[in-house]
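**Student:** First the structure, then my questions, so here it is.
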Amino acid sequence: MNEINWYQEVLNRKKELLKRCHEFLAIESVLDESTAGVGRPFGRKVAEALEFMLNLAEQDGFQTKNVDGYAGHVEYGGGDELIGILSHVDVVPAGDGWTSPPFSPEIREGKLYARGAIDDKGPTMAAYFALKIVKELGLPLSKRVRLILGTDEESQWRCVSHYFEHEDMPAMGFTPDADFPIINAEKGFLDIKVVGLPDDREESRGEWTLMSFEAGQRVNMVPDYAMAKLSGDGDVFELKEKVQDFLLTYRIQGYAEEADDHLKIVVKGRSHHGSEPEKGQNAALELARFMDRLPLDPNGANYIKMINDLLVDSFFGEKFSIAQEDKLVGKLTVNAGVFGYTKGDQHFVRLNVRYPTSGDSDALLKRIEEKVADYNCKITDLDHKPAHYCDPDHPLVTALARVYEAQTGEKAELLAIGGGTYARVLDTGVAFGPLFPGKEEKAHQRDEYIEVEDLLKATAIYAQAIYELAK
Ligand SMILES: [Zn+2]
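Numbering (the UniProt record's numbering), first residue to last: 1 to 471.
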């Protein structure tokens, strides 16, 4: 067979590819439980985005399947073995400050701007056109290829949980939802809620009573704002001075302020992604560090002491005695992302622990459980995503590397990351693009875009990859 010029095949379809991208990106496919129903578990617009892709594929002569609105797939090829490409049609909310409306796609200076342009609707369309090119070229395949369309990637991955209860797991596959060249190692995640209840410790002791303590909204972010409310008969002036001293000593922003029946202390830190907690400044941990010096009521003191004994100055799990690392993905990290304490009610801290691919999640959990038990706390709401690793010598990795190198002329370095990609859903899978090395990452940000040229290049790479994996 003559050498196929994959990029030229993409160029031949550029107009149509961009047109479809525009239509697809115009659907505001943000999770909306208020419009959820049978066949649309994540709301009307998410369902519309899924149906858009499936309809398009049907018109182009593909076999499609919608699995209860949770996910769907587009299939092509023949044979028993299944190759998977996993992408998602849902997007995060747009937020403010866009130059052009986030759901009115617009190309400016070679960049296609829209929410979802790079995460993950642009890449979904790239993967779809890749499959379409393979089909239109009439290339014989000995395997079936499925483009699997998730709908809840940005939230809880309920889409793929449901989908794979009903559909086969591909023998191997890739997800176009992260970075080129190839990500083959990802840390494991333990999202843990540590919860305690007030007990009947003597209430009268301590000059100050902790009324509330709160910080953070997402377990995988470093909280940049923390607030505590205190009541009691202590010396307000003296306490405010202590706060000022502390803020100066530790070079932290914040303030203390009197209200009718309480004193409010606010600490401001610096947010950062939870995969690198040491690079942010955790406002809650700093506030707890300060409050450890105060004579507090016993229940309040217990909560603050737990935070200090187990989390303050311990981003790598040292105080839990779970510190460990491997050569591939580096150190275990602990991000304390969300805090809540209300006097007389349950209190909690939510942790995002990321452990090396060699780590033992059961042993880690057991150790954490033992440690928090000293403070009368338990673990609830556990969410575990095992570490993900694909052998560099696996035919999947070697095939994708060959394709990437052939089309870009660059070496296909393997990447190991602390974050998590959609690839971990696949038993044997890697993340493969679409963001090229050195390019600005705009996923989840205002003015999200994909460079049109990169979209075309990615489509060509995916087309050849599909062919190489399934021929
Ligand atoms: Zn994504």
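Yeah, the Cβ is synthetic: ideal placement off N, Cα and C, and Gly gets one too.
(1) Is any heavy atom in ligand 1 found nearer than 7 angstroms to the beta carbon of Asp119?
(2) In chain order, what residues of the same chain lie with their CB nearer than 7 angstroms to the CB of Arg115, ignoring the 5 residues before and after it?
(3) Between which two residues does the alpha helix (DSSP H) carrying Arg44 extend?
(4) Quick one: grab the DSSP three-state call for Met169.
(5) So what does DSSP say about Thr209, is it helix, strand or coil?
(6) Looking at the strands, I want to know which residues DSSP matches up with Lys111.
(7) For Ala130 versus Thr459, is the C-beta spacing smaller than 8 angstroms?
(8) Just to confirm the assignment, what range does the alpha helix (DSSP H) spanning Ala21 have?
(9) Report whether the distance from the Cβ of Tyr449 to the nearest heavy atom of ligand 1 is below 7 angstroms.
(10) One question on the structure: do Val329 and Val219 come within less than 8 angstroms of each other, judged by their Cβ atoms?
(11) Check whether the Cβ of Lys319 lies closer than 7 angstroms to any heavy atom of ligand 2, and answer yes or no.
(12) How about Glu153: is its Cβ closer than 7 angstroms to a heavy atom in ligand 1?
(13) So Ser275 and Gly419 are supposed to be a Cβ contact under 8 angstroms. How far apart are they, rounded?
(14) Could you tell me whether any non-hydrogen atom of ligand 1 is closer than 7 angstroms to the CB of Asp177?
(15) Is it true that the CB of Arg270 sits closer than 8 angstroms to the CB of Gly280?
(16) Buried or exposed: where does Asp360 fall if 16 or more other Cβ atoms within 10 Å of its Cβ makes it buried?
(17) Ligand 1 and His394: does any heavy atom of the ligand fall closer than 7 angstroms to the residue's C-beta?
(18) Closest to Leu382 by C-alpha separation, out of Phe320, Gly150, Phe189 and Gly39, would be which residue?
(19) What is the DSSP secondary structure of Ile182, reduced to helix, strand or coil?
(20) Please find out if some non-hydrogen atom of ligand 1 comes closer than 7 angstroms to the beta-carbon of His88.
(21) Out of Leu31, His273, Tyr250 and Val236, which has the shortest C-alpha to C-alpha gap to Ala256?
(22) Just the Cα atoms here: how many angstroms apart are Pro223 and Gln217?
(23) In whole angstroms, what separates the C-alpha of Phe24 from that of Val89?
(24) Buried or exposed: which applies to Leu197, given that a residue is buried once 16 or more other Cβ atoms fall within 10 Å of its Cβ?
(25) Mind listing, in chain order, the continuous beta strand (DSSP E) runs of no fewer than 3 residues lying wholly within the stretch 350 to 407?
(26) Does ligand 1 have even one heavy atom less than 7 angstroms from the beta-carbon of Tyr163?
(27) Taking Leu190 as part of the alpha helix (DSSP H), name the residues at either end of that continuous run.
(28) Could you pull the start and end residues of the alpha helix (DSSP H) that Glu286 belongs to?
(29) Should the stretch 150 to 169 be regarded as contacting the stretch 390 to 406, the criterion being three or more beta carbon pairs within less than 8 angstroms?
(30) Say the cut is 7 angstroms; is the CB of Tyr422 nearer than that to a heavy atom of ligand 1?
(31) Express the C-alpha separation of Tyr355 and Ala431 in angstroms, rounding to a whole number.
(32) Could you tell me the boundaries of the alpha helix (DSSP H) in which Asn299 lies?
(33) Out of Tyr389, Pro41 and Leu456, state which residue places its alpha-carbon closest to the alpha-carbon of Val10.
(34) Among Ile417, Pro386, Gly409 and Leu310, which one has its Cα closest to the Cα of Glu369?
(35) For the 8 angstroms Cβ check, are there 3 or more pairs between the stretch 298 to 305 and the stretch 206 to 216?
(36) For Asp393, which option in Thr428, Leu287 and Glu28 has the closest C-alpha, if you only look at C-alpha atoms?
**Tutor:** Inspection of the coordinates gives the following:
(1) Checking every heavy atom of ligand 1 against the Cβ of Asp119, one is found closer than 7 angstroms.
(2) Sequence-distant partners of Arg115 (beyond 5 residues in either direction) whose C-beta falls short of 7 angstroms from its own C-beta, in its chain, are Val91, Ala94, Pro102, Phe103 and Glu448.
(3) Boundaries of the alpha helix (DSSP H) around Arg44: Arg44 to Gln59.
(4) Looking at Met169 - three-state DSSP - the assignment turns out to be coil, as it is neither helix nor strand.
(5) DSSP places Thr209 in strand when its eight states are reduced to three.
(6) Looking at the DSSP output, Lys111 sits in a beta bridge with Arg108 and Glu451.
(7) The answer is yes: Cβ separation under 8 angstroms.
(8) Position check: residue 21 holds Cys in this sequence, whereas Ala was assumed. Unbroken alpha helix (DSSP H) run through Cys21: Lys14 to Leu25.
(9) Every heavy atom of ligand 1 is 7 angstroms or more from the Cβ of Tyr449, so no.
(10) Their beta carbons are not under 8 angstroms apart, which means Val329 does not touch Val219 by this criterion.
(11) Here the bound small molecules are ligand 1; ligand 2 is not part of this structure.
(12) Yes, Cβ of Glu153 sits closer than 7 angstroms to a heavy atom of ligand 1.
(13) Right, their Cβ atoms sit about 5 angstroms apart.
(14) Result yes, Cβ under 7 angstroms from ligand 1.
(15) Cβ distance < 8 angstroms, so Gly280 and Arg270 count as in contact.
(16) Flag for Asp360 reads exposed.
(17) With a cutoff of 7 angstroms, His394 does not count as near ligand 1, since its C-beta is closer than that to no heavy atom of the ligand.
(18) The shortest CA-to-CA distance from Leu382 to any of Phe320, Gly150, Phe189 and Gly39 is the one to Phe189.
(19) Strand at Ile182.
(20) True, at least one ligand heavy atom lies under 7 angstroms from that Cβ.
(21) Nearest C-alpha to Ala256: Val236.
(22) It is roughly 7 angstroms from the alpha-carbon of Pro223 to the alpha-carbon of Gln217.
(23) Rounded to whole angstroms, Phe24 and Val89 show a C-alpha spacing of 9 angstroms.
(24) The residue in question, Leu197, is exposed, as its Cβ has fewer than 16 Cβ neighbours within 10 Å.
(25) Listed in chain order, the complete beta strand (DSSP E) runs (minimum 3 residues) inside the stretch 350 to 407 are 377 to 385.
(26) Closer than 7 angstroms to some heavy atom of ligand 1: that does not describe the Cβ of Tyr163.
(27) Note, Leu190: premise wrong, no alpha helix (DSSP H); beta strand (DSSP E) at Gly188 to Gly196.
(28) Its alpha helix (DSSP H) spans residues Ala283 to Met291.
(29) The stretch 150 to 169 is not in contact with the stretch 390 to 406.
(30) Yes, ligand 1 has a heavy atom inside 7 angstroms of this Cβ.
(31) Taking the straight line from one Cα to the other gives about 19 angstroms.
(32) Where Asn299 is concerned, the enclosing alpha helix (DSSP H) starts and stops at Pro298 to Leu310.
(33) Among Tyr389, Pro41 and Leu456, the Cα nearest to that of Val10 is on Leu456.
(34) Considering only alpha carbons, the answer is Leu310.
(35) The stretch 298 to 305 is in contact with the stretch 206 to 216.
(36) Comparing Cα positions, the closest option is Thr428.
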